[in-house]
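Colleague: All residue numbers for the sequence shown refer to numbering that gives the first Met the number 0, where the first residue is 0 and numbers rise by one. We put the CB at the ideal spot given by N, CA and C, even for glycine. The model shown is predicted, which means the values in this text are computed figures rather than measured ones. Dropping a structure here in structure tokens format, bear with me for questions.
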Amino acid sequence: MSDTALSSRTVLVTGATAGIGHEVARQLAERGVTVLLHGRTAEDARAAADSLIATAGIDANQLCTYAADFARLDEVESLAHKVVAEHPHLDVLVNNAGMAAPERHTVTADGNEIAFQVNFLAHYLLTCLLEPALTSDPGGRVVNVSSSLHRTASIQWSDPNRARRYSRLAAYAQSQLALTVFAADPRVTAVSVHPGVCDTALLSLYSHEGVTPAEGAAHVVRLCDPAVEIVNGAYYDRAERVDPAPAATEDRTVKRLNKLADLLVGRSAA
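So, in structure tokens, the structure goes:
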């Protein structure tokens, strides 16, 4: 990987306090990237930065911390405004923050099913609001950390909150399909990547064992490198570019999802 191409860059990593996100932040910072670490709380984000400084010898000047609870869209909005004000030139946004859907159907204060909001809607809103800062320079891009489970999903257009029939696996898979479809949005250059089954908090959704978060993170970091050419909307299974679920390549679905997302995050369609 070309460290020189990466070193002058600024990358925002959501969910950078644990698991793959923390490893992505570490690997980018080790290559000289200025990393904006997002955590659910300011304490979490600060602790993640301190840990990188202490264990990986990262220069504190390379790390900036930000907080937003993705279960609250007003906090996502504040996060975006703060990032744009402090880093008007953002090279890469890594949409990584995620949660397993809870056993019981849970709705956020914004009125959305919690996994759909945290895993997709918050990232949709954040990406839209960061668009002015996301550089169109060669290599400027959004990397969505998705999941192979998106293949098992369908988006319940008439009931995205799954209030009528809820299953945690279906809710999680729907959020990952939405994130994968969103990568094909023409407004920003974006790809999605399944980093492999990793030993993180989400492991129970997949199997009993997984590779280390560091191995999964390496696939994400590779896609942040401007030297790696990408095609908008492409989907990667680890290092391989493969076809995503058919829905993720349909213009009609992309437009329909944008419309739904705008409605659910309270944005008037631009």
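CB Arg30 to CB Ala213, shorter than 9 Å?
Modeller: The count along the sequence shown starts at 1 and reaches residue 30 at position 31. The count along the sequence shown starts at 1 and reaches residue 213 at position 214. No, the Cβ-Cβ distance between Arg30 and Ala213 is not below 9 Å.
Colleague: At least one CB of chain C closer than 9 Å to the CB of Asn257: is that the case?
Modeller: Absence of chain C from the displayed structure is noted, only one protein chain being present.
Colleague: Rounded to whole angstroms, what is the Cα-Cα separation between Cys127 and Phe69?
Modeller: Taking the sequence shown and counting its residues from 1, one reaches residue 127 at position 128. Taking the sequence shown and counting its residues from 1, one reaches residue 69 at position 70. Cys127 and Phe69: Cα-Cα distance of roughly 15 Å.
Colleague: To the nearest whole angstrom, what separates the beta carbons of Arg167 and Glu102, a pair I think is in contact under 8 Å?
Modeller: Sequence index remark: in the sequence shown, residue 167 carries index 168 (1-based). Sequence index remark: in the sequence shown, residue 102 carries index 103 (1-based). Contact flag correct, Cβ pair sits at about 6 Å.
Colleague: Taking the beta strand (DSSP E) that Asp58 belongs to, which residues open and close that run?
Modeller: As a working mapping, residue 58 is identified with position 59 in the sequence shown. From DSSP, Asp58 is part of no beta strand (DSSP E); its letter is neither H nor E.
Colleague: Out of Arg163, Ala183, Ser147, Arg186, which one is the CA nearest neighbour of Tyr171?
Modeller: Counted from its first residue, the sequence shown places residue 171 at position 172. With distances taken between Cα atoms, Tyr171 lies closest to Ser147.
Colleague: How big is the Cα-Cα spacing for Leu124 and Val220?
Modeller: Taking the sequence shown and counting its residues from 1, one reaches residue 124 at position 125. Taking the sequence shown and counting its residues from 1, one reaches residue 220 at position 221. Cα-Cα distance, rounded: 23 Å.
Colleague: Can the beta-carbon of Asp90 be found closer than 9 Å to that of Val10?
Modeller: Mapped onto the sequence shown, residue 90 falls at position 91. Mapped onto the sequence shown, residue 10 falls at position 11. Contact: yes.
Colleague: Helix, strand or coil, according to DSSP, for Asn111 in the structure here?
Modeller: In the sequence shown, residue 111 corresponds to position 112, counting from 1. Coil.
Colleague: Return the first residue and the last residue of the alpha helix (DSSP H) that Ala84 is part of.
Modeller: Working through the sequence shown from its first residue, we reach residue 84 at position 85. Counting along the chain, the alpha helix (DSSP H) containing Ala84 begins and ends at 72 to 85.
Colleague: Quick one, are the C-beta atoms of Gly18 and His37 less than 9 Å apart?
Modeller: Against the sequence shown, residue 18 aligns to sequence position 19. Against the sequence shown, residue 37 aligns to sequence position 38. No, these two residues do not count as a Cβ contact at 9 Å.
Colleague: If distances are taken between C-alpha atoms only, which option among Gln173, Val144, His149 comes closest to Asp158?
Modeller: For the purposes of this step, residue 158 is taken as residue 159 along the sequence shown, with counting starting at 1. Of the candidates Gln173, Val144, His149, the one whose C-alpha sits nearest the C-alpha of Asp158 is Gln173.
Colleague: Could you please give me the residues that DSSP links to Ala66 through a beta bridge?
Modeller: Looking up residue 66 in the sequence shown gives position 67. DSSP, once it has assigned bridges, lists Gly38 as partnering Ala66.
Colleague: Using DSSP bridges, identify the partner residues of Tyr235.
Modeller: In the sequence shown, the residue the question calls residue 235 occupies position 236. Answer by DSSP bridge pairing, in chain order: Val192, Arg240.
Colleague: On the criterion of 16 or more Cβ atoms from any shown chain inside 10 Å, does Ala268 qualify as buried, or is it exposed?
Modeller: Stepping through the sequence shown from its first residue, residue 268 is reached at position 269. Confidence is the limiting factor: at Ala268 the pLDDT is only 46, short of 50, which leaves the residue's position unreliable, though a coordinate-based value still follows. Flag for Ala268 reads exposed.
Colleague: What do you get for Asp49, buried or exposed, if any count of 16 or more other CB atoms within 10 angstroms of its CB means buried?
Modeller: Position 50 of the sequence shown, counted from the start, is the residue given in the question as residue 49. Exposed, by the Cβ-count rule.
Colleague: Kindly indicate the opening and closing residues of the alpha helix (DSSP H) around Arg25.
Modeller: Walking along the sequence shown from the start, residue 25 turns up at place 26. 18 to 29 is the span of the alpha helix (DSSP H), which, as asked, contains Arg25.
Colleague: Is it a yes or a no for the region 73 to 93 touching the region 132 to 151, going by three-plus beta-carbon pairs under 8 Å?
Modeller: The region 73 to 93, when compared against the region 132 to 151, does touch it at the 8 Å Cβ threshold.
Colleague: Would Ala47 pass as a contact of Thr64 if the rule is Cβ separation under 9 Å?
Modeller: Indexing the sequence shown from 1 puts residue 47 at position 48. Indexing the sequence shown from 1 puts residue 64 at position 65. Taking 9 Å as the Cβ cut-off, Ala47 and Thr64 qualify as a contacting pair.
Colleague: Which residue comes first and which comes last in the beta strand (DSSP E) that contains Asn257?
Modeller: For the purposes of this step, residue 257 is identified with residue 258 of the sequence shown, where counting begins at 1. Segment 250 to 264 is the alpha helix (DSSP H) holding Asn257; no beta strand (DSSP E) there.
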